[in-house]
Structure formats: C-alpha cells, structure tokens
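Peer 1:
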Amino acid sequence: MNGKLNGKLNGKLNVNSILLNDISNRKKTTGVMNICFILYPWEVIEPETDSSLRMVHEAALRGHKVGVVYPNNLTIRGNNAYAFVKMLLKDEKISPTITTFYKKARFKEQMFPLSGFDVIFVRTNPPLDPIMLNFLDSVKDDTFIINDIDGLRKASNKLYPACFNDPEHEMIPATHVSKNKDYLKKIIKESDSKWMILKPLDGFGGSGVIVLEKNATQNINSILDFYISGKKDSNYVILQDYVEGAEKGDVRVLMLNGEPIGAYRRVPADDDVRSNIHAGGNAVKHNLTKAERKLCRNIGSKLVSDGLYFVGLDIINGKLIEINVCSPGGITRINKFNRVKLQKQIIDFAENVVQHKESAIDRKRSFRNIIENA
Ligand SMILES: Nc1ncnc2c1ncn2[C@@H]1O[C@H](COP(=O)(O)OP(=O)(O)O)[C@@H](O)[C@H]1O
Ligand SMILES: [Mg+2]
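Numbering (the working numbering), first residue to last: -16 to 357.
1) Hey, which unbroken runs of the beta strand (DSSP E) at 3 residues or more fall wholly within the stretch 176 to 214?
2) Helix, strand or coil for E92, going by three-state DSSP, please let me know.
3) Spatial neighbours of T315 within its chain, please: CB distance less than 8 Å, with the 5 preceding and 5 following residues excluded, ordered by chain position.
4) Taking buried to mean at least 16 other C-beta atoms within 10 Å of its own C-beta, is K10 buried or exposed?
5) Do I21 and P54 count as a contact pair if the criterion is CB distance below 9 Å?
6) Ligand 2: which residues have Cβ under 5 Å from any of its heavy atoms, chain order?
7) Would a C-beta distance cut-off of 9 Å place K177 and V160 closer than the cut-off?
8) Please identify the residue among T107, D101 and V250 whose C-alpha is closest to the C-alpha of Y23.
9) Rounded to a whole number of angstroms, what is the C-alpha to C-alpha distance between G189 and H261?
10) Cβ-heavy atom distance between K225 and ligand 1 below 8 Å?
11) A359: which of K169, E153 and L237 sits nearest, CA to CA?
12) Taking the alpha-carbon positions, what's the K347 to I353 distance?
13) How big is the Cα-Cα spacing for L97 and L291?
14) Once DSSP output is grouped into helix, strand and coil, what is the label at E242?
15) Count the other CB atoms within 10 Å of the CB of N17; is the residue buried (16 or more) or exposed (fewer)?
16) Applying the criterion that 16 or more other CB atoms from any shown protein chain within 10 Å of the CB defines a buried residue, is R249 buried or exposed?
17) Buried or exposed: where does T83 fall if 16 or more other Cβ atoms within 10 Å of its Cβ makes it buried?
18) Any idea if A289 is buried or exposed, counting beta-carbon neighbours within 10 angstroms, 16 or more meaning buried?
19) How long is the line joining the alpha carbons of W25 and G301, rounded to whole angstroms?
20) Looking only at its own chain, which residues have a Cβ that is under 6 Å from the Cβ of V192, when we skip the five neighbours before and after it?
21) Have a look at the DSSP bridge pairing and note the partners of G50.
22) Are L72 and F95 close, meaning C-beta to C-beta below 9 Å?
23) Taking 9 Å as the threshold (C-beta atoms), are I317 and A246 in contact?
24) Cβ atoms of K168 and P202: under 9 Å apart, would you say?
25) First and last residue of the beta strand (DSSP E) that includes R60?
26) Return yes when the C-beta of F147 is under 8 Å from any heavy atom of ligand 1, and no when it is not.
Next up, the structure:
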C-alpha cells in the first residue's frame, strides 16, 4: 500500500500509512476526543520544561476531554480495564500560557473504562512497568495507544536496535551484550580502539554509562563483576564502540510517525562522556545533517511498523545510540530553539488517526446496512 493517507484506503485503518504531509493538510473536522495521559504525578511536573504537559495543554486547548492516570490507579472491573482518572475540569477557560494552565488546572477523579478513551498517551518515566502494559493489552484494539503496547515491549531496553539490519555498522556502532565476563573481556581485548563504552542494558538518564580504557586491565574484572552481579539475578551489560565525536555532544531527534519533527544537540560537561541533560549536558540548537536525515529515513518505517509513533533518537556522528520510546522529552527545548510548537503536530497526528479510524467504522456500518436492508 502507498505510504500516504489518501482517499483510496478502502476504509481500512492503517495507522502506519499516515504521514506528516497529510497531517499538515488535514481537514479540521475532528470532533471532541477523549484523551488519556498515563503520567507521573501532576505535582512533580516542572511546567517550564515538561514535554507531556505541552501535549496535555494542547489537547485541552482544542476542547478535547482530557484525563490523567497514574499507573497505580489502573484497575480491572468485571474483566474490563478501568482506571481512576483525574478528569480535567472544563469550567474555566484554558489559559494559552502553559504555566498558568498548569497552576489553575483542577481535576475530578472518576472511574472510567479505558476503552472509552480515543487515545491513550503512555508518558510514564522509564523503566517501563510491564504490569501497566498488561492492563493496556486488553484495550489496545479499542483505543489508539501512543506508543503501541507491543512496540513498547519490544523496545523497552537497549536491545531493540539489534532488530535493524546493519551488518557493516553503518547506522549503529558495533554493540555486544552479554552476562558472560570472559566473552566481554575477549571483546575488549580484540577491540582496535583504545576505549569502549560500557553501560547497563536497561539504564536511562546516562546512569552507569562509562568509558572503559582497554589498558586499564587491573580494573576490568572488577568493573564487569560490578555491572553483571545483581541483587537477585545477574544483569546484562552492553559494550559498544566509542563513537568518535561524542565529546561534541549527541543529537536528540524527535520522530513522529517515522519522520523527524525536530532536534537539538546536548553537549556534555567538560569532565563527562554523557550528554544527557540529567548528567549535566547543555542543550543547544541543531539543524539535522544529511547523515542524520539518512539515518532517520532508514529506521523510520520500522519504527512505525512496530507502533513506535513518537520516539526520541540519540545520535552521535550519524550513528544511532539509543531509541527512547518511553516518554521521550525535548519538546520544550526544540520549541524554544526552532520557534515551533511540536505538541500541535503530535495532537494533529492523534486526531488524524482517530478521525480515520472512525470514518472506517462508519463506512463499514453503512455498507453492512446496504446488505442487511436488501
Ligand atoms: N557508543 C557511545 N559512544 C560515545 N558516547 C556514548 C556512547 N553510548 C553512550 N554515549 C554517551 O552516553 C550518553 C547516554 O547513553 P545512552 O545509551 O543514550 O543511555 P541512556 O539511556 O542512559 O541515555 C549518550 O547520550 C552519549 O552522550
Ligand atoms: Mg540516551
């Protein structure tokens, strides 16, 4: 099927076929939608910088019914997935200023079936809670979930890039994952490079990412022991080629429906290898290079076919370091650097998918009626 959403979809919902070009031309006919954000506590949101809040705000500004759910409030009632949802009250005019909106927002908690929501944004912080995904499994055919539950499961740790076919390491640095200390030592010994990156399989925010010096042989046993031994089970460890140029920073690219919608660069502190903002990195404006665009093109369609509609890529020197699928951030920074409002594109996308899904259902119903009434 052609990649674009057009009038020739024969009524089939194919979320994967909706591309951004179509979104910019969308017909503004979407009715009020029920949108749920599975989120961290409202009280801990930092309104100046939070990406999820920008989406909540945009949804509310457009008049959609907005609910906020914390994973602890997911519930099964008579075999159906429900949640105690904090529904945003609409009695006050939604302030166009995000910080004012945040301060003034009032909620009413009500128990609602999750299937009643047209869209659910999963915006919890990593690590991903597998039980939360089990609650959502039962509604994934009724509701458009960003990101798709199966996609989230697939990409919930740093093994996912191994799904991309890249035998020559053109897109992804050579990466080795194991719990076997002897194997990992062999990899370090065989490496041509003076140093390698070592990191935990399921880390985030830069935690545990270190540069391992090949010659620091007295330390390597102890470091590997430390990373591998866990409290209950042993941990997988990643050894990865150090990507040249990392000292100039990495690029965070936000991808929506398989296309880059914005990027910024994170420059590490002078005394650190990690560019993560949480690890002291500094954000600067960035325009995507040819190599970065090529990488986005190469991986975009796989992301979409895995239901990973909104993700954050970490790229160094044109090489993919990580795909962040769980609540990727960066909207506020890109908005500021590029004078855009990325949240508009994201809510446009959700509206477009729901609208398309609904028209497919209407069409099906009218065709059924033709046969029934014949
Ligand atoms: N292979 C690598 N080469 C150079 N720097 C790296 C490499 N892997 C990670 N880094 C640095 O460490 C940071 C964090 O690594 P990443 O794999 O993105 O883990 P996290 O999930 O903790 O963000 C990266 O943003 C980058 O600055
Ligand atoms: Mg990262």
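Glycine included, every Cβ here is placed at the ideal spot set by N, Cα and C. All figures in this text were calculated on a predicted structure; none of them were measured in a lab.
Peer 2: Taking the definition as stated:
1) The qualifying runs are 178 to 183 and 193 to 196.
2) The answer is strand: DSSP assigns E92 an E or B state.
3) Result list for T315: E31, T32, D33, S34 and R37, in chain order.
4) Annotation note: pLDDT 48 at K10 (below 50); position unreliable, coordinate value reported separately. With fewer than 16 other Cβ atoms within 10 Å, it is exposed.
5) Result yes, Cβ atoms of P54 and I21 sit closer than 9 Å.
6) Residues flagged by the Cβ proximity filter: D297 and E305.
7) Inclusion of K177 and V160 in the CB contact set at 9 Å is not warranted, their separation being larger than that value.
8) Nearest Cα to Y23 within the set T107, D101 and V250: T107.
9) So the two alpha carbons sit approximately 7 Å from each other.
10) First, the residue type needs correcting, since residue 225 is Tyr and not Lys in the sequence shown. Using a cutoff of 8 Å, the CB of Y225 counts as near ligand 1, since one of the ligand's heavy atoms is closer than that.
11) Since the first residue of the chain shown is -16 and the last is 357, residue 359 is not available in this structure.
12) Their backbone Cα atoms lie some 10 Å apart in a straight line.
13) Near 20 Å, if we compare the C-alpha coordinates of L291 and L97.
14) It is a strand residue.
15) With 16 or more Cβ atoms within 10 Å of its Cβ, N17 is classed as buried.
16) R249 is classed as buried because its beta carbon has at least 16 other beta carbons within 10 Å across all chains shown.
17) T83 is exposed by the Cβ-count criterion.
18) Residue identity differs from the one stated: residue 289 is Asp in this sequence, not Ala. Classification for D289: buried.
19) About 36 Å.
20) Contacts found: K182 and R257.
21) DSSP, once it has assigned bridges, lists C19 and M70 as partnering G50.
22) Contact: no.
23) Yes, these two residues count as a Cβ contact at 9 Å.
24) Looking at the sequence itself, residue 202 is Asn, so the reference to Pro does not match. Taking 9 Å as the Cβ cut-off, N202 and K168 do not qualify as a contacting pair.
25) Note, R60: beta strand (DSSP E), L57 to R60.
26) Between ligand 1 and F147, a heavy atom-to-CB distance of less than 8 Å is absent.
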